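In order, the protein sequences belong to chains A and B.
Per our numbering, the very first residue in the first sequence carries number 819; after that it's consecutive.
Per our numbering, the very first residue in the second sequence carries number 7; after that it's consecutive.
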Amino acid sequence: VPSTCDWRKAPGVISSVKYQENCLCCWAMAAAGNIEAQWAIKHKESVEVSVQELLDCGRCGDGCRGGYVWDAYITVLNNSGLASEKNYPFQGVVGKKCQAKKYKKVAWIQDFIMLSDNEQKIAWYLATEGPITVTINMKLLQQYKNGVIRATPTTCDPQHVNHVVLLVGFGKTKSVERRRAKAVSSQSHSRQSTQYWILKNSWGANWGEEGYFRLHRGSNACGITKYPITARVGKPDKKQRVSCP
Amino acid sequence: DSFRVQDPGPRPLELREVFTLFQIQYNRSYSNPAEHARRLDIFARNLAQAQRLQEEDLGTANFGVTPFSDLTEEEFGQLYGNQRADGKAPSVDRETGSDEWEGS
């Protein structure tokens, strides 16, 4: 596992930060981001897929009232792929009719898997295969502005996960970034760096760190290891390891 | 002559002023004075909560005024969470075995 990885640095892999508006569709936006990133890495072709298709064509038919990321992948498998965001754009409400058949598919998946709940294995998969979706407890995000959140089970229950986001990388802070070190000048302080995950949210680019946030890596912060799920793109027999920038 | 008024320097913003700045920044308006008062109260509680989080956090995170500062925790969960999964995500058995591509 490399010490740092940031798929945002790879051109065409991570699309722009989305805004879910008044629609509880984080699950669909994270799944779309996962498919886009995997497709760009495996096929070396940048695509932006339709979140609206996931909402309109899901088996439950009420995609703006929440959902599970695996429902998004089942919809992609049932529809043999997804249309482009340009052809089938996001409306912020569920349409009356699934319009999947009207548009050409721009990306498709082979299947989807749940990874191990081991953060080191998740980092390895992220670095060698690409971004994945995770479901976290979003409680601390209501007041979050920037920096690395280092939660405890008391401040952020890892069992109560309620928000799906895209995991796009990991890194570590320089020792000078630790707030305790700069705030408590009279105390002897740790100069250790903090390892973190980089996550893409769907609350617009004006929220957090330009639409992204960072969570401590190595402590199952906010339940990040509970549902690490990814679509698989490309043929399973073609082993094609990639390198995260 | 011995009594001098010292310049106290710039005074901290009052809660209401901070709330007004929040309303301007995030384009918030409320239907009536009672709703305004309720949102101001929620805003104050959230600022206090952000301050607590700031003090307790062991990382480098900064907490404070955000676009969600006039929402209760319940409203925030209902408006932005993954409601279907909220608190009742199914128990999924983890498959034992390989993460490799060959797995069925």
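Glycine included, every Cβ here is placed at the ideal spot set by N, Cα and C.
The structure presented is a predicted model; accordingly, all values stated were derived computationally and were not measured.
Quick one: Cα of GLY987 of chain A to Cα of LEU46 of chain B, how far?
Stepping through the first sequence from its first residue, residue 987 of chain A is reached at position 169. Stepping through the second sequence from its first residue, residue 46 of chain B is reached at position 40. Cα to Cα, GLY987 of chain A sits roughly 38 Å from LEU46 of chain B.
Report the CB separation of ALA925 of chain A from TRP857 of chain A in whole angstroms; it is logged as a contact under 8 Å.
For the purposes of this step, residue 925 of chain A is taken as residue 107 along the first sequence, with counting starting at 1. For the purposes of this step, residue 857 of chain A is taken as residue 39 along the first sequence, with counting starting at 1. Rounded, the Cβ-Cβ distance is 4 Å, consistent with contact.
Counted within 10 angstroms of its Cβ, other Cβ atoms place GLY879 of chain A as buried (16 or more) or exposed:
The sequence position of residue 879 of chain A within the first sequence is 61, counting from 1. So GLY879 of chain A ends up on the exposed side.
Closer than 7 Å, CB to CB, is CYS1040 of chain A near chain B or not?
As a position in the first sequence, residue 1040 of chain A is number 222, starting the count at 1. Not flagged as an interface residue toward chain B: CYS1040 of chain A, since no C-beta distance is shorter than 7 Å.
Less than 6 Å between C-beta atoms, sequence neighbours within five positions excluded: which residues of the same chain meet that for HIS861 of chain A?
Translated into positions along the first sequence, residue 861 of chain A becomes position 43. Taken in chain order, the list of residues that qualify is empty.
Partners in chain B for LYS963 of chain A, counting only beta-carbon separations shorter than 9 Å
Reading the first sequence from its first residue, position 145 is the one you call residue 963 of chain A. Correct list: ALA56, ALA67, ASN68, PHE69, GLY70, VAL71 and THR72.
Is DSSP giving LYS836 of chain A helix, strand or coil here?
Locating residue 836 of chain A in the first sequence gives position 18, counting from the first residue. Correct three-state label for LYS836 of chain A: coil.
Could you tell me whether the Cβ of ASN980 of chain A comes closer than 7 Å to any Cβ of chain B?
As a working note, residue 980 of chain A is residue 162 in the first sequence. Answer yes: the Cβ-Cβ gap between ASN980 of chain A and chain B drops below 7 Å somewhere.
ASP929 of chain A, buried or exposed, once every other Cβ within 10 Å from all chains shown has been counted against 16
What you label residue 929 of chain A is simply residue 111 of the first sequence in a count that begins at 1. When all chains shown are included, ASP929 of chain A counts as exposed.
Give me the residue from A:CYS916, A:THR951, A:GLN1013 and A:GLY913 with the minimum Cα distance to SER934 of chain A.
Residue 934 of chain A sits at position 116 when you count from the first residue of the first sequence. In this structure, A:THR951 is the residue among A:CYS916, A:THR951, A:GLN1013 and A:GLY913 with its C-alpha nearest to the C-alpha of SER934 of chain A.
Secondary structure, alpha helix (DSSP H): runs of 4+ residues fully inside the segment 897-949 of chain A:
DSSP runs (the alpha helix (DSSP H)) wholly in the segment 897-949 of chain A: 937-947.
Could you check if LYS1018 of chain A is buried or exposed, using at least 16 other CB atoms within 10 Å of its CB as the buried criterion?
Working through the first sequence from its first residue, we reach residue 1018 of chain A at position 200. Answer is buried; the Cβ neighbour count reaches 16.
Top-ranked residue by Cα proximity to ASN905 of chain A, from A:ALA941, A:TYR886, A:LEU895 and A:GLU866
Here residue 905 of chain A is taken as the residue at index 87 of the first sequence, counted from 1. Looking at the Cα atoms, A:GLU866 is the closest of the given residues.
Closest by C-alpha distance to GLN69 of chain B, when choosing among B:LEU19, B:GLN29 and B:ASN52:
The residue given as residue 69 of chain B occupies position 63 in the second sequence. Residue 69 of chain B is actually Phe in this sequence, not Gln. Nearest neighbour of PHE69 of chain B by Cα position, chosen from B:LEU19, B:GLN29 and B:ASN52, turns out to be B:ASN52.
Close-in-space but distant-in-sequence residues of the same chain around ASN955 of chain A (CB under 7 Å, 5 per side omitted):
If you number the first sequence from 1, residue 955 of chain A lands on position 137. Excluding positions up to five away in sequence, the list reads CYS974, ASP975, PRO976, HIS978, VAL979, ASN980, CYS1040 and GLY1041.
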